[in-house]
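Start counting the sequence shown at 217; every next residue gets the next number (my numbering). Step one of this worksheet: look at the structure below.
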Amino acid sequence: MTATDPAFADLAARDGVESRRKVETVDADRFAELESKVGPMTWAVGAVVTDDAGRVLLVREDGEWLAPGGEVEPGETHEEALVREVEEETGVPVSVGPLVAVTEVAFECGDDRLAFYFAHYTATPTATELTDDPGVDGEEIEAVEWVDTVPEGTVDREVVRRARDGPD
Numbered sequence: 217m218t219a220t221d222p223a224f225a226d227l228a229a230r231d232g233v234e235s236r237r238k239v240e241t242v243d244a245d246r247f248a249e250l251e252s253k254v255g256p257m258t259w260a261v262g263a264v265v266t267d268d269a270g271r272v273l274l275v276r277e278d279g280e281w282l283a284p285g286g287e288v289e290p291g292e293t294h295e296e297a298l299v300r301e302v303e304e305e306t307g308v309p310v311s312v313g314p315l316v317a318v319t320e321v322a323f324e325c326g327d328d329r330l331a332f333y334f335a336h337y338t339a340t341p342t343a344t345e346l347t348d349d350p351g352v353d354g355e356e357i358e359a360v361e362w363v364d365t366v367p368e369g370t371v372d373r374e375v376v377r378r379a380r381d382g383p384d
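Here's what the structure looks like:
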């Protein structure tokens, strides 16, 4: 374990952090697509960014709404990756808040398995203007929006909703 690659169990043991496991069985074509997209990634992060009006910042990628975020690059902390990814995808600078959930994500196809860990943090925007050109080259972000209500079908919708609204 290093400071830039924290152990899933250590993060999951923190007070108030939800620990989850998502396993999906996929066909060979989907597995190959995911393998090329995810590659050797170990950790990714997402930000539940909430403004003073209670709106949540979401990006639409591959037809799905999700919290902005992405891969933790070698040598980066989760917090550094989160700040970089949110600004790259949305143009919004943020201050990172508490960790709210960690998820082990796995895709399986026969005997093949592709897995990584995902950490959701809260974040506060230091400005709210959205970029006209979301993402970086190669990313297919279709839209970036501040939303009052987290749309049905949003990836990890309950994590996003609970991070904004608090536990039930």
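Glycine included, each C-beta is placed from N, C-alpha and C at the ideal position. Being a predicted model, the structure only gives us computed values, none of them experimental.
Asked: Going by DSSP, what residues sit across from Leu273 in a beta bridge?; Found: Trp362
Asked: For Ala223, which of Glu320, Leu330 and Thr338 has the nearest alpha-carbon?; Found: Glu320
Asked: Leu298 by DSSP, collapsed to three states: which one?; Found: helix
Asked: DSSP puts Ala339 in a beta bridge; with which residues?; Found: Val265 and Val312
Asked: Can you check which of these residues, Arg373, Thr266 and Val254, is closest to Val288 by C-alpha distance?; Found: Val254
Asked: Nearest to Pro367 by CA position, among Glu324, Ala331 and Gly279, is which residue?; Found: Gly279
Asked: Mind checking Ala225: buried by the 16 CB within 10 Å criterion, or exposed?; Found: exposed
Asked: Less than 7 Å separating the beta-carbons of Glu301 and Pro309?; Found: no
Asked: With a Cβ-Cβ cutoff of 7 Å, do Asp364 and Arg271 count as a contact?; Found: yes
Asked: For Thr306, which of helix, strand or coil comes out of DSSP?; Found: helix
Asked: Mind checking who Ala331 pairs with in its DSSP beta bridge?; Found: Ala322
Asked: Using 7 Å as the threshold, is the C-beta distance between Ala317 and Glu234 below it?; Found: yes
Asked: Straight-line CA distance for Glu356 to Glu277?; Found: 6 Å
Asked: Spatial neighbours of Val242 within its chain, please: CB distance less than 6 Å, with the 5 preceding and 5 following residues excluded, ordered by chain position.; Found: Phe323 and Cys325
Asked: What first and last residue would you give for the beta strand (DSSP E) that runs through Glu234?; Found: Glu234 to Thr241
Asked: Please name the residue, chosen from Asp268, Ala248, Ala260 and Leu250, that lies closest to Asp381 on a Cα-to-Cα basis.; Found: Asp268
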